[in-house]
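Report on the structure given below.
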Amino acid sequence: MTTLLDRPNTALLVIDVQNGVMANAHDRDGVIANVNTLVGKARAEDVPVVWVQHSDDQLKRDSESWQYVPELVRRDSEPLVHKTYGDSFEGTDLEALLAERGVGRLVVAGAQTDACIRSTLHGAFVRGYDVTLVGDAHSTEDLSAYGAPPPDQVIAHTNLYWQWQSAPGRRGGTVDTAEVTFAAGGAG
Numbered sequence: 001m002t003t004l005l006d007r008p009n010t011a012l013l014v015i016d017v018q019n020g021v022m023a024n025a026h027d028r029d030g031v032i033a034n035v036n037t038l039v040g041k042a043r044a045e046d047v048p049v050v051w052v053q054h055s056d057d058q059l060k061r062d063s064e065s066w067q068y069v070p071e072l073v074r075r076d077s078e079p080l081v082h083k084t085y086g087d088s089f090e091g092t093d094l095e096a097l098l099a100e101r102g103v104g105r106l107v108v109a110g111a112q113t114d115a116c117i118r119s120t121l122h123g124a125f126v127r128g129y130d131v132t133l134v135g136d137a138h139s140t141e142d143l144s145a146y147g148a149p150p151p152d153q154v155i156a157h158t159n160l161y162w163q164w165q166s167a168p169g170r171r172g173g174t175v176d177t178a179e180v181t182f183a184a185g186g187a188g
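If you read the sequence shown in UniProt numbering, its first letter stands for residue 1, the second for the next number, and so on.
And the structure:
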């Protein structure tokens, strides 16, 4: 249903599953296992896997913290987008990469739920993409000391509100890893 013309394809967007980001993430191992399952499924179905990697003052480029977790291995043929803002589209070549591949629908996984995941979901949606969040393949750290709800509640709330997103010509949605399908019009 995307509003982007001649963009019938789907891509998997893997956001910021980096050592420093995932070090204290809620259900770290389970989320990484689900992301790995999604990557394998996308590759088996010849669906583009686009990797996004954040850097900032706390996540210095080329540092150990900045590297992707060792459980996930990007293929050289899979695009890598470097970003410095929460929204993976801001100041990057993500839009051009997706346009080249005819992508109008995104399946999103990664971290952190309450930062880069939410920013990218909304950024993609307002740019005309259909956007599916994989509900058991994103995470965040515990920021309750700063007034945030516990991470399981942040994740649950994000899954809940994204399930019902819609706008003229596009839609959001939330599915679990087992329900993801990359086919046009599918559940995920």
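Note that beta-carbon positions come from the ideal geometry of N, C-alpha and C, so glycine has one too.
Secondary structure of residue i, DSSP reduced to three states
i: residue 167; result: strand
i: residue 162; result: helix
i: residue 106; result: strand
i: residue 99; result: helix
i: residue 37; result: helix
i: residue 173; result: strand
i: residue 113; result: helix
i: residue 126; result: helix
i: residue 120; result: helix
i: residue 152; result: helix
i: residue 179; result: helix
i: residue 94; result: helix
i: residue 88; result: coil
Between the CA atoms of residue j and residue i - distance to the nearest angstrom
i: residue 140; j: residue 129; result: 24 Å
i: residue 36; j: residue 91; result: 27 Å
i: residue 142; j: residue 112; result: 11 Å
i: residue 56; j: residue 173; result: 30 Å
i: residue 28; j: residue 76; result: 25 Å
i: residue 164; j: residue 171; result: 8 Å
i: residue 63; j: residue 168; result: 42 Å
i: residue 6; j: residue 21; result: 35 Å
C-beta contact flag for residue i and residue j at 8 Å
i: residue 51; j: residue 14; result: yes
i: residue 138; j: residue 31; result: yes
i: residue 119; j: residue 86; result: yes
i: residue 154; j: residue 134; result: no
i: residue 74; j: residue 95; result: no
i: residue 66; j: residue 72; result: no
i: residue 177; j: residue 34; result: yes
i: residue 44; j: residue 12; result: no
Proximity to residue i [Cα-Cα], best of the options
i: residue 93; options: 149, 49, 82; result: 82
i: residue 16; options: 88, 125, 173; result: 88
i: residue 162; options: 131, 10, 145, 100; result: 131
i: residue 70; options: 125, 115, 19; result: 19
i: residue 2; options: 152, 136, 105; result: 105
i: residue 160; options: 149, 150, 175; result: 175
Beta carbon proximity, residue i to chain D, threshold 8 Å
i: residue 74; result: Among the chains of the structure shown, chain D does not appear; only one protein chain is present.
Any non-hydrogen atom of the ligand NAP closer than 7 Å to residue i Cβ
i: residue 74; result: Ligands in the displayed structure: none, and consequently the ligand NAP is not present.
- Every unbroken alpha helix (DSSP H) within the region 12-84, with a cutoff of 4 residues, ordered by chain: 19-22, 28-44
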